[in-house]
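Chains D and E, in that order, give the protein sequences. Going letter by letter, the first sequence gives residues 214 to 445 in the working numbering. Going letter by letter, the second sequence gives residues 127 to 545 in the working numbering. Glycine is no exception: its CB is placed at the ideal position from the N, C-alpha and C atoms. Remarks on the structure that follows.
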Amino acid sequence: MNIIERIMVEPFERFYEKLLVFLPNLITSLILLVIGVLLGIFVKWIFHRIFRTMNLDALSQKSGMRDALSRSGFREPLSLVLSRILKWLTIITFIIVAMQNLSIPTVEHLIDRMFLYLPNIFIAALILILGYILGNFFGRASIIASVNAGMTSAGLIGKAVKATVFILSCTMALEQLGIGKETIIIAFAIVFGGIVFAFSIAFGFGGKDMAKNYLRKKMKEPKGEDDEIDHL
Amino acid sequence: MESVIRPDKIEDGIKSIDNADILVGIPSYNNAKTIGHVVRAVQGGFAKYFPDKKTVLVNSDGGSTDGTMDVVQSATIDSLQSILLSHKVNPFVRIATPYHGIPGKGSAFRKIFEIADSLRVKACAVVDSDLRSITPEWIELLIKPVMEGEFDYVAPLYQRHKYDGTITNSIIYPLTRALYGKRVRQPIGGDFGFSGRLAKFYLSEKVWETDVARYGIDIWMTTTAIANGFKVCQSYLGAKIHDPKDPGSDLSAMLYQVVGSTFDLMDTYSSVWKGVEGSETIPTFGFHYDVGLEPVAVNLERMIDRFCLGVQELGFVWKDVLSPGLFDFFRDLANPCRQDFAIPDEAWVDTIFSFAHAAHRKTLNREHLLRSLTPLYIGRVASFVMETSDSSALEVEEKIETLCKIFESKKKDLLNNWD
Numbered sequence: 214m215n216i217i218e219r220i221m222v223e224p225f226e227r228f229y230e231k232l233l234v235f236l237p238n239l240i241t242s243l244i245l246l247v248i249g250v251l252l253g254i255f256v257k258w259i260f261h262r263i264f265r266t267m268n269l270d271a272l273s274q275k276s277g278m279r280d281a282l283s284r285s286g287f288r289e290p291l292s293l294v295l296s297r298i299l300k301w302l303t304i305i306t307f308i309i310v311a312m313q314n315l316s317i318p319t320v321e322h323l324i325d326r327m328f329l330y331l332p333n334i335f336i337a338a339l340i341l342i343l344g345y346i347l348g349n350f351f352g353r354a355s356i357i358a359s360v361n362a363g364m365t366s367a368g369l370i371g372k373a374v375k376a377t378v379f380i381l382s383c384t385m386a387l388e389q390l391g392i393g394k395e396t397i398i399i400a401f402a403i404v405f406g407g408i409v410f411a412f413s414i415a416f417g418f419g420g421k422d423m424a425k426n427y428l429r430k431k432m433k434e435p436k437g438e439d440d441e442i443d444h445l
Numbered sequence: 127m128e129s130v131i132r133p134d135k136i137e138d139g140i141k142s143i144d145n146a147d148i149l150v151g152i153p154s155y156n157n158a159k160t161i162g163h164v165v166r167a168v169q170g171g172f173a174k175y176f177p178d179k180k181t182v183l184v185n186s187d188g189g190s191t192d193g194t195m196d197v198v199q200s201a202t203i204d205s206l207q208s209i210l211l212s213h214k215v216n217p218f219v220r221i222a223t224p225y226h227g228i229p230g231k232g233s234a235f236r237k238i239f240e241i242a243d244s245l246r247v248k249a250c251a252v253v254d255s256d257l258r259s260i261t262p263e264w265i266e267l268l269i270k271p272v273m274e275g276e277f278d279y280v281a282p283l284y285q286r287h288k289y290d291g292t293i294t295n296s297i298i299y300p301l302t303r304a305l306y307g308k309r310v311r312q313p314i315g316g317d318f319g320f321s322g323r324l325a326k327f328y329l330s331e332k333v334w335e336t337d338v339a340r341y342g343i344d345i346w347m348t349t350t351a352i353a354n355g356f357k358v359c360q361s362y363l364g365a366k367i368h369d370p371k372d373p374g375s376d377l378s379a380m381l382y383q384v385v386g387s388t389f390d391l392m393d394t395y396s397s398v399w400k401g402v403e404g405s406e407t408i409p410t411f412g413f414h415y416d417v418g419l420e421p422v423a424v425n426l427e428r429m430i431d432r433f434c435l436g437v438q439e440l441g442f443v444w445k446d447v448l449s450p451g452l453f454d455f456f457r458d459l460a461n462p463c464r465q466d467f468a469i470p471d472e473a474w475v476d477t478i479f480s481f482a483h484a485a486h487r488k489t490l491n492r493e494h495l496l497r498s499l500t501p502l503y504i505g506r507v508a509s510f511v512m513e514t515s516d517s518s519a520l521e522v523e524e525k526i527e528t529l530c531k532i533f534e535s536k537k538k539d540l541l542n543n544w545d
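Listed below in structure tokens is the structure:
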């Protein structure tokens, strides 16, 4: 009887006792989850209104961010995208709190590590967004300047500037995440240096005559080729 | 006969002069070759037309390294008898001083206004330092309407080559005329006369850290005078011949500053121009005569290439600015890139109004928006050059008049979309 009690009943009793301790936590966690979802919906609603009052969509249009988002597949206005991000941040926060409330050591350990890493993800995301916006801005500025300077490769220059700024921001973001820190910096330096070196060689050998003509034209441009219009 | 105030003694010099009747300002930057002639013309003007007035010449310099200020201090008419003067002439004071602030013509003017205000002058004029065609009569024509005619602002009226002043002819004159209703033919001419009262008003405006401090000063002075109800007139000065333009001067920067200032003023004075319909002539002084003008070289092929390149590469910027119809029109015009294209007046007016509207709405970064106008402007100039290749000066003026009327008739479209 004692053996049966020890083998069969005691584990169930222990399970029952643990369940009694765990069940309130589980219920609390479920409640937290529901509150998190509801609060997330509310946060999205209220921030969407605030962003629209701030005229954020017009600002994003002006800065070129709207175009950037649109090209990245986000057709919605920036105010909606941001309020959605805030909604999911709220929900995820509540999910984490709910999971921690379960008091499972493995989960707690994982969450602790995640929390320590979270700022890196946030900063990396910020760097990427900023890189994308700056890439578009400088890309547009350089294409306009190149067109006004009469450079036939204006489109290529614009794209190159845009890509360079974005790649630089990717490198910084990966460095922030601690992924292959030195490898990425070295790789970037090799690729970037290689491109410059390739251009130098190509221009030096392939475009020797072109370079000569260009410099000659710059140094001694015949007067007859210029317009003499006084625009003002 | 005359006194020179050195740059390190400006404050004391102004205090010792105390007051003056007339002040003529010359902004400069490395103009040693030409400024001597301008100084002598001003001196001749003072002696010939205002012998009994207390006169001051101010050179506001942007840090010249070629001795411009030394030339200003030393240039003089050797004998007044050479300009047929025998009467007694009051001495005139010349001040050569560097200005501070943003480098540009506007900052130079600010210094001139400050000195004019300190000396409580009755009438002022500003003339460019690279002028080769200035005569003593210019001083009379710019100053007398203020001294004797009770005008506050005298704009210049020049005879220019049909291909000169293209920003003026295709954008600034028609737009300013349509907006504010006054036919000031050279609103950004560069040589102006104005009252001491108006100089004081200019100084009180808080614009000296903006593009007004650069190329924007001319349109700002004209628009501010008109929009604030000052009495405006113009004087015929003959031909405007000046040093060849600086090859390094950037057209897109020029266009950005001038058009940007004009668009900014549209925001500042929207309550004024919204109520204006049509336009009226303003009093014009001076004896009108024809002068021979030097031919102007135009590289049409390069202009068309620039326009086509712009259409090819900047479509993504313009699609948010121009209406779909106008955008398609430019795209079709440049594909394929032909040498025989035309941008009609209506399309050009719609383009300028679209850019003005986009600047007002802040649709795009301001500098990107305005600089992206350059290829379209070059296209319009190319179209104008082709259209007027066989036209006389009078016929060209008639074409500009037609363009102005279209600006005026389409103003209601701009108004409807403004708010």
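### Query
Whose C-beta lies closer than 6 Å to the C-beta of Asp147 of chain E among residues of the same chain, with five residues either side of it excluded?
Hits under 6 Å: Lys179, Lys180, Lys248.
### Task
Could you check how far apart the C-beta atoms of Ile504 of chain E and Met429 of chain E are, in whole angstroms? I think they sit under 8 Å.
At roughly 5 Å, the Cβ-Cβ gap stays under 8 Å, so Ile504 of chain E and Met429 of chain E are in contact.
### Message
Rounding to the nearest angstrom, what Cα-Cα distance links Leu299 of chain D and Gly253 of chain D in this structure?
### Response
CA-CA distance, Leu299 of chain D to Gly253 of chain D, rounds to 7 Å.
### Task
Consult DSSP for Gly374 of chain E and reduce its assignment to one of helix, strand or coil.
Since pLDDT at Gly374 of chain E reaches only 49, below the 50 mark, its modelled position is unreliable, and no value is offered.
### Query
If the cut is a Cβ gap below 7 Å, which residues of chain D does His494 of chain E touch?
Near His494 of chain E (Cβ distances below 7 Å), the residues of chain D are Arg353, Ala354, Ile357.
### Task
Answer with yes or no whether the minimum CB distance from Ile361 of chain D to chain E is below 8 Å.
Sequence check: residue 361 of chain D is Asn here, not Ile. Yes, Asn361 of chain D counts as interfacial toward chain E.
### Message
Quick check: the stretch 135-149 of chain E against the stretch 228-236 of chain E, are at least 3 beta-carbon pairs closer than 8 Å?
### Response
Contact between the stretch 228-236 of chain E and the stretch 135-149 of chain E is absent, because fewer than three Cβ pairs lie under 8 Å.
### Beta-carbon proximity check, Val443 of chain E vs Ser378 of chain E, cutoff 8 Å
Inclusion of Val443 of chain E and Ser378 of chain E in the CB contact set at 8 Å is not warranted, their separation being larger than that value.
### Query
Is Phe188 of chain E helix, strand or coil by DSSP?
The residue asked about is misnamed: residue 188 of chain E is Gly in this sequence, not Phe. The answer is coil: DSSP assigns Gly188 of chain E none of H, G, I, E or B.
### Nearest candidate by alpha-carbon position, reference Leu183 of chain E, set E:Asp204, E:Val219, E:Asp254
Ranking E:Asp204, E:Val219, E:Asp254 by Cα distance to Leu183 of chain E puts E:Val219 first.
### Query
Around the Cβ of Asn542 of chain E, are there at least 16 other Cβ atoms within 10 angstroms (buried) or fewer (exposed)?
By the 10 Å Cβ count, Asn542 of chain E comes out exposed.
### Task
Below 8 Å on the Cβ atoms is my guess for Leu324 of chain E versus Asp278 of chain E; work out the distance and round it to an integer in Å.
In this structure Leu324 of chain E is in contact with Asp278 of chain E, their Cβ atoms being roughly 5 Å apart against a cut-off of 8 Å.
#### Entry: Residue range of the unbroken alpha helix (DSSP H) whose run includes Gly505 of chain E
Run containing Gly505 of chain E: 500-513, per the alpha helix (DSSP H) assignment.
### Query
Cβ of Leu435 of chain E within 8 Å of Cβ of Ile357 of chain D?
No, these two residues do not count as a Cβ contact at 8 Å.
### Query
chain E beta carbons: is any one of them nearer than 8 Å to that of Gly448 of chain D?
Here chain D comprises residues numbered 214 to 445, so residue 448 of chain D is not present and cannot be evaluated.
### Query
Checking contacts by CB at 8 Å: is Ala367 of chain D closer than that to chain E?
So, interface residue.
### Query
DSSP on Glu406 of chain E, reduced to helix/strand/coil?
Strand, per DSSP.
### Task
Take the Cβ of Val198 of chain E as the centre, count every other Cβ of all protein chains shown within 10 Å, and call the residue buried at 16 or more, exposed below.
Buried: at least 16 other Cβ atoms inside 10 Å.
### Task
Would you please verify whether the beta carbon of Leu445 of chain D is less than 8 Å from any beta carbon of chain E?
With its beta carbon less than 8 Å from one in chain E, Leu445 of chain D belongs to the interface.
### Query
Using a Cβ-Cβ cut-off of 6 Å (strictly less than) and excluding sequence neighbours within five positions of Leu391 of chain E, which residues of its own chain qualify?
Sequence-distant Cβ neighbours of Leu391 of chain E in its own chain, meaning closer than 6 Å and more than five residues away, are Thr349.
### Task
Look up Met127 of chain E in the DSSP assignment and say whether it is helix, strand or coil.
Low local confidence applies: a pLDDT of 48 at Met127 of chain E is under 50, so the model's placement there is unreliable, with the coordinate-based value given in what follows. Correct three-state label for Met127 of chain E: coil.
### Task
Quick one: measure Cβ to Cβ for Gly171 of chain E and Ile265 of chain E, integer angstroms, because I've assumed they're closer than 8 Å.
About 3 Å separates the beta carbons of Gly171 of chain E and Ile265 of chain E, which is inside the 8 Å limit, making them a contact pair.
### Query
CB Leu426 of chain E to CB Met512 of chain E, shorter than 8 Å?
The Cβ atoms of Leu426 of chain E and Met512 of chain E sit closer than 8 Å to each other.
### Message
DSSP three-state label for Pro229 of chain E, please.
### Response
Looking at Pro229 of chain E - three-state DSSP - the assignment turns out to be coil, as it is neither helix nor strand.
#### Entry: When E:Val402, E:Ile221, E:Tyr155 are compared against Gly193 of chain E, the one with the closest alpha-carbon
The shortest C-alpha to C-alpha distance from Gly193 of chain E to any of E:Val402, E:Ile221, E:Tyr155 is the one to E:Tyr155.
### Query
Leaving out five residues before and five after Cys530 of chain E in sequence, what residues of the same chain have Cβ atoms less than 6 Å from its Cβ?
Answer for Cys530 of chain E: Pro300, Arg303, listed in chain order.
### Task
Compare the C-beta of Ile430 of chain E with all C-beta atoms of chain D and state if any pair is closer than 8 Å.
Using a Cβ-Cβ cut-off of 8 Å, Ile430 of chain E does not count as an interface residue toward chain D, since no Cβ of chain D sits closer than that to its own.
### Task
Establish whether the CB of Met555 of chain E and some CB of chain D are separated by less than 8 Å.
Nothing can be reported for residue 555 of chain E: it is not among the residues displayed for chain E, which extend from 127 to 545.
### Query
Looking at Gly344 of chain D and Leu381 of chain D, is the spacing between their C-beta atoms short of 8 Å?
The criterion of a C-beta distance shorter than 8 Å is satisfied by Leu381 of chain D and Gly344 of chain D.
### Proximity of Gly319 of chain E and Val280 of chain E at Cβ, strictly below 8 Å
In this structure, Val280 of chain E lies closer than 8 Å to Gly319 of chain E by Cβ.
#### Entry: As assigned by DSSP and simplified to three states, the class of Arg487 of chain E
Annotated three-state conformation of Arg487 of chain E is helix, per DSSP.
### Query
Gln274 of chain D versus chain B: which residues are under 7 Å apart at the beta carbon?
Absent from the structure: chain B. Protein chains present are D and E.
#### Entry: Alpha-carbon spacing of Glu388 of chain D relative to Leu341 of chain D, whole angstroms
Going from the Cα of Glu388 of chain D to the Cα of Leu341 of chain D covers about 12 Å.
### Query
Would Thr294 of chain E count as contacting chain D if we go by Cβ distances under 8 Å?
With 8 Å as the cut-off, Thr294 of chain E counts as an interface residue toward chain D.
### Task
Determine the extent of the beta strand (DSSP E) in which Cys359 of chain E is found, giving its start and end residues.
Note, Cys359 of chain E: beta strand (DSSP E), 358-365.
### Task
If I'm right that Glu262 of chain E touches Lys366 of chain E with Cβ under 8 Å, what's the distance once you round it to whole angstroms?
The sequence shown places Pro at residue 262 of chain E, not Glu. Going by Cβ atoms, the distance from Pro262 of chain E to Lys366 of chain E rounds to 16 Å, so no, they are not a contact pair.
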